[in-house]
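Peer 1: In the UniProt record's numbering, the protein residues as written are 1 to 463.
This is the structure I want to talk about, given as structure tokens.
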Amino acid sequence: MLSSDTYLIFIEKFCSCSPGYTGSYPQLKSPIFSSMVMRHYGSLLLLRINHLGRTFPGDICSEENQIVSSYAAKLGFEVEQGYTNHQFLGPEGNVDVELIDKSTNTYSLRFPTAGWYLWSATGLGFVVRDAVTVTIVFGSWSQHLGLDLQHHEQWLVAGPLFAITAEPEEAVAEIHLPHFISLQGEVDVSWFLVAHFKDEGMALEQPSRVEPFYAVLENPSFSLMGILLRIARGTRLSIPITSNTLLYFHPHPEDVKFHLYLVPSDALLTKMIDDEEDRFRGVRLQTSPPVEPLTFGARYIVSNSAHLEIIPTELKLSYRSPGEIQPFSKFYAGQMKEPIQLEITDKRHEILVWKTVVKPVDIQLGAATAPPAFSGAVFVRENHRQLQARIGDLKGVLDDLQDNEVLTENEKELVEQAKTRQSKNDTLLTMVEKKGDRALELLFRSLSERDPYLVSYLRQLSL
């Protein structure tokens with residue numbers, strides 16, 4: 001067993017990979033945590049979370065890994081291998097989070113004893129004095145922050161939004177609200193503000209302190225709240241943020257598709273992207289941070305060693321609330337027989353900021369444990385009436401089907417000659433259904449790319 005001094009040194013060496021790491025964790029020596037530290041310092045398990053949602057020993061330092069492991073290190077937690085996204089890490093083990101209303105993303109749980117608790121799937125943490133019941137609702141900045149502030153150069157959304165209530169309220173000593181601002185360079189912690197949204201409007205509060213990955217509210221009031229950055233008027237600074245690349249693949253025997261996201265390191269945002277990709281049978285292949293904090297609002301170029309067409313090649317690093325459509329680059333890699341190196345380069349400075357190599361064996365392992373195959377053909381057949389009523393402009397879809405030799409020129413003209421939009425849709429659907437599953441799969445692919453909102457909506461109805 002390690003001595004406590006050796007353990008603290010080990011923690012600091014591990015967490016030094018975190019952007020903005022300050023080099024010390026005074027909370028480890030505070031009275032409220034001392035008993036937990038002495039109880040758990042024996043063996044900290046370092047974890048790497050892979051695309052399958054399982055945990056494996058490793059030393060790869062990703063943002064998702066940093067959030068779990070650096071917080072665990074603060075308290076001396078042993079991170080249990082049975083931990084899931086719907087649990088808080090706690091001083092006496094994992095605490096289950098109950099989803100009580102899926103439509104409003106409302107969760108409830110009870111912390112059984114005093115201590116420090118972390119929901120690593122969101123980055124949200126609590127220090128409690130006694131047993132307490134907490135309710136958490138995920139919010140959206142776009143629904144609550146006025147457009148004048150959303151696009152004002154002095155304001156920057158710096159983390160997710162939560163509506164939090166507690167019973168009894170006095171049992172909560174601290175709330176730790178996650179943020180993705182890197183505390184490097186010229187960032188001033190006085191810029192950090194907690195925005196509370198109440199019936200009378202938005203109120204701002206200075207956090208008690210700001211740490212890498214989160215800001216602390218002591219003896220908090222409860223509301224819909226999140227972190228904003230307010231920058232002094234006339235200041236022209238590049239704001240560094242911690243970010244992640246999320247790489248997903250969509251298995252197909254003839255043409256593997258990849259989606260690459262570049263997003264702020266917001267665990268809640270990552271979870272929402274995971275959920276959206278999962279609905280379309282996307283498998284997260286890896287999550288990894290760029291080599292250094294990137295600049296908010298900057299543009300980055302995506303490229304690959306196989307000279308495959310990437311659409312779009314340029315990604316802007318920005319924040320969109322969970323639930324909004326997140327921008328990504330996509331490309332097709334055929335049957336994926338050779339490794340492909342992916343790179344992201346800072347467009348302005350022409351500096352390589354991220355790269356990875358995807359190997360065929362990665363796809364094989366991921367496909368072997370992927371969810372049961374989703375059938376686009378079945379989807380189109382089951383949603384014939386909905387698609388007939390809701391498909392909009394068919395021009396791009398007809399072009400796709402003609403390019404893939406599903407439709408002839410005469411068949412395309414026959415669809416276009418129908419008098420109403422719905423009759424055009426019905427003619428096309430009936431025509432393609434008669435051609436079999438391959439034609440329906442190609443129609444589904446085209447609809448997914450041309451009208452992802454419609455396909456997502458119909459798939460959610462069938463859940």
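We put the beta carbon where it would ideally sit given N, CA and C, even for glycine.
May I ask you to report which of helix, strand or coil DSSP gives Gln-341?
Peer 2: By 1-based counting over the sequence shown, the position of residue 341 is 341. Residue state, collapsed to three classes: strand.
Peer 1: Would Asp-266 be called buried (16 or more neighbouring beta carbons within 10 Å of its own) or exposed?
Peer 2: In the sequence shown, residue 266 corresponds to position 266, counting from 1. So Asp-266 counts as buried.
Peer 1: According to DSSP, is Phe-379 part of a helix, a strand, or is it coil?
Peer 2: Here residue 379 refers to the residue found at position 379 of the sequence shown. Three-state DSSP puts Phe-379 in a helix.
Peer 1: From the DSSP secondary-structure annotation, give me the bridge partner or partners of Gln-286.
Peer 2: For the purposes of this step, residue 286 is identified with residue 286 of the sequence shown, where counting begins at 1. Answer is Leu-247, bridged to Gln-286.
Peer 1: Classify Asn-383 as buried or exposed, calling it buried when 16 or more other Cβ atoms lie within 10 Å of its own Cβ.
Peer 2: Taking the sequence shown and counting its residues from 1, the one referred to as residue 383 is at position 383. Per the 10 Å Cβ criterion, buried.
Peer 1: I'd like the list of long-range same chain contacts for Leu-109, defined as Cβ closer than 7 Å, with 5 residues on each side in sequence excluded.
Peer 2: Within the sequence shown, numbered from 1, the residue matching residue 109 stands at position 109. Closer than 7 Å at the Cβ level, and outside the excluded window around Leu-109, lie Phe-88, Val-95, Asp-96, Val-97, Glu-98 and Val-134.
Peer 1: If the criterion is Cβ atoms closer than 8 Å, does the pair Phe-296 and Leu-317 meet it?
Peer 2: Residue mapping note: residue 296 aligns to position 296 of the sequence shown, counting from 1. Residue mapping note: residue 317 aligns to position 317 of the sequence shown, counting from 1. In contact: Phe-296 and Leu-317 (Cβ atoms closer than 8 Å).
Peer 1: With a 10 Å radius around its C-beta and 16 neighbouring C-beta atoms as the bar for buried, classify Ile-351 as buried or exposed.
Peer 2: Here residue 351 is taken as the residue at index 351 of the sequence shown, counted from 1. With fewer than 16 other Cβ atoms within 10 Å, it is exposed.
Peer 1: Using 8 Å for Cβ pairs, my map puts Asn-219 next to Ala-173. What's the rounded Cβ distance?
Peer 2: Here residue 219 is taken as the residue at index 219 of the sequence shown, counted from 1. Here residue 173 is taken as the residue at index 173 of the sequence shown, counted from 1. The pair is a contact, with the Cβ atoms about 7 Å apart (cut-off 8 Å).
Peer 1: Any heavy atom of the ligand ZN within a distance shorter than 7 Å of the CB on Asp-346?
Peer 2: In the structure on display, the ligand ZN does not appear, and there are no ligands present to speak of.
Peer 1: Let me know the secondary structure DSSP gives Gln-206 once reduced to three states.
Peer 2: Taking the first residue of the sequence shown as position 1, residue 206 is located at position 206. Reduced to three states, the DSSP call for Gln-206 is coil.
Peer 1: Measure the C-alpha to C-alpha separation of Thr-113 and Asp-393 and round it to an integer number of angstroms.
Peer 2: The residue labelled residue 113 in the question sits at position 113 within the sequence shown. The residue labelled residue 393 in the question sits at position 393 within the sequence shown. The alpha-carbon atoms of Thr-113 and Asp-393 are separated by roughly 58 Å.
Peer 1: Please report the straight-line C-alpha distance between Arg-445 and Val-397, rounded to a whole angstrom.
Peer 2: By one-based count along the sequence shown, residue 445 stands at place 445. By one-based count along the sequence shown, residue 397 stands at place 397. Looking at the two C-alpha atoms, the distance is approximately 9 Å.
Peer 1: Any contact between the stretch 155-168 and the stretch 205-212? By contact I mean 3 or more CB pairs, one from each, below 8 Å.
Peer 2: The answer is no - the stretch 205-212 does not touch the stretch 155-168, with fewer than three Cβ pairs under 8 Å.
Peer 1: Apart from the five residues just before and just after Lys-13, which ones in its own chain have a Cβ nearer than 8 Å to its Cβ?
Peer 2: Translated into positions along the sequence shown, residue 13 becomes position 13. In this predicted model, Lys-13 has a pLDDT of only 30, less than 50, meaning its place in the structure is not dependable; the value taken from the coordinates is given anyway. So no residue of the chain qualifies.
Peer 1: Please report the distance separating the alpha-carbon of Lys-395 from that of Ala-121.
Peer 2: Here residue 395 corresponds to residue number 395 of the sequence shown, with the count starting at 1. Here residue 121 corresponds to residue number 121 of the sequence shown, with the count starting at 1. Rounded to the nearest angstrom, the two C-alpha atoms are 41 Å apart.
Peer 1: Whole angstroms is fine: what's the gap from Ala-306's alpha carbon to Glu-254's?
Peer 2: Residue 306 sits at position 306 when you count from the first residue of the sequence shown. Residue 254 sits at position 254 when you count from the first residue of the sequence shown. The straight-line gap from Cα to Cα measures roughly 17 Å.
Peer 1: Residue range of the beta strand (DSSP E) that Trp-155 falls in?
Peer 2: Translated into positions along the sequence shown, residue 155 becomes position 155. Residues 155-167.
Peer 1: Starting from Asn-304, trace the beta strand (DSSP E) both ways and give me its first and last residue.
Peer 2: Start at 1 with the first residue of the sequence shown, and residue 304 comes out as number 304. Note, Asn-304: beta strand (DSSP E), 299-304.
Peer 1: Return the residue from the list Asn-425, Arg-281, Ser-423 and Leu-228 that minimises the CA-CA distance to Ser-375.
Peer 2: Here residue 375 is taken as the residue at index 375 of the sequence shown, counted from 1. Cα-wise, what sits closest to Ser-375 is Arg-281.
Peer 1: Who does Pro-240 pair with in a DSSP beta bridge?
Peer 2: As a position in the sequence shown, residue 240 is number 240, starting the count at 1. DSSP lists Thr-295 as partners of Pro-240.
Peer 1: For Leu-269 and Glu-167, what's the separation of their Cα atoms in angstroms?
Peer 2: Counted from its first residue, the sequence shown places residue 269 at position 269. Counted from its first residue, the sequence shown places residue 167 at position 167. Cα to Cα, Leu-269 sits roughly 27 Å from Glu-167.
Peer 1: What residues in its chain sit with their C-beta under 6 Å from that of Pro-339, if we drop five residues either side in the sequence?
Peer 2: Here residue 339 refers to the residue found at position 339 when the sequence shown is read from its first residue. Val-357 and Lys-359.
Peer 1: What does a CB cutoff of less than 6 Å around Met-336 pick up in its chain, not counting 5 residues either side in sequence?
Peer 2: Stepping through the sequence shown from its first residue, residue 336 is reached at position 336. Val-256, Pro-360 and Ile-363, listed in sequence order.
Peer 1: Is the stretch 135-143 touching the stretch 185-192 in the sense that three or more CB pairs, one from each, lie closer than 8 Å?
Peer 2: Flag = no, the stretch 185-192 and the stretch 135-143 do not touch.
Peer 1: Using 10 angstroms around the beta-carbon of Lys-434, count the other beta-carbons present and answer buried if the total reaches 16, otherwise exposed.
Peer 2: Within the sequence shown, the letter at position 434 stands for residue 434. Per the 10 Å Cβ criterion, exposed.
Peer 1: What residue range does the beta strand (DSSP E) around Trp-191 cover?
Peer 2: Residue 191 sits at position 191 when you count from the first residue of the sequence shown. From DSSP, Trp-191 is part of no beta strand (DSSP E); its letter is neither H nor E.
Peer 1: Going by other Cβ atoms of all chains shown within 10 Å of its Cβ, with 16 needed for buried, is Thr-430 buried or exposed?
Peer 2: On the sequence shown, position 430 is the one that residue 430 refers to. So Thr-430 ends up on the exposed side.
Peer 1: State buried or exposed for Phe-412, treating a residue as buried only when at least 16 other CB atoms are found within 10 Å of its CB.
Peer 2: Within the sequence shown, numbered from 1, the residue matching residue 412 stands at position 412. Contrary to the premise, residue 412 reads as Lys rather than Phe in this sequence. Classification of Lys-412: buried, given that the 10 Å Cβ count is 16 or more.
Peer 1: So which of Tyr-300, Ser-288, Ser-182 and His-250 has the shortest CA-CA distance to Arg-279?
Peer 2: Along the sequence shown, one-based indexing puts residue 279 at 279. It is His-250.
Peer 1: Distance check for Glu-170 and Val-353, CA to CA, integer angstroms please.
Peer 2: Numbered from its first residue, the sequence shown carries residue 353 at position 353. Numbered from its first residue, the sequence shown carries residue 170 at position 170. Computed Cα separation, rounded: 45 Å.
Peer 1: Could you compute how far the alpha carbon of Ile-239 sits from the alpha carbon of Asn-425?
Peer 2: The residue given as residue 239 occupies position 239 in the sequence shown. The residue given as residue 425 occupies position 425 in the sequence shown. Going from the Cα of Ile-239 to the Cα of Asn-425 covers about 48 Å.
Peer 1: Taking the alpha helix (DSSP H) that Ala-173 belongs to, which residues open and close that run?
Peer 2: Counted from its first residue, the sequence shown places residue 173 at position 173. Per DSSP, Ala-173 belongs to no alpha helix (DSSP H); it is in the beta strand (DSSP E), 172-178.
Peer 1: Determine the burial state of Ala-195: buried for a count of at least 16 other Cβ atoms within 10 Å of its Cβ, exposed for fewer.
Peer 2: What you label residue 195 is simply residue 195 of the sequence shown in a count that begins at 1. Buried, because 16 or more other Cβ atoms sit within 10 Å of the Cβ of Ala-195.
Peer 1: Going along the chain, which residues of its own chain have a beta-carbon closer than 7 Å to the beta-carbon of Gly-323, five neighbours each way excluded?
Peer 2: As a first step, residue 323 must be located in the sequence shown, where it is residue number 323. The residues are Ser-140 and Met-272.
Peer 1: Do Gly-90 and Gly-115 have their beta-carbon atoms positioned less than 8 Å apart in this structure?
Peer 2: For the purposes of this step, residue 115 is identified with residue 115 of the sequence shown, where counting begins at 1. For the purposes of this step, residue 90 is identified with residue 90 of the sequence shown, where counting begins at 1. Yes, these two residues count as a Cβ contact at 8 Å.
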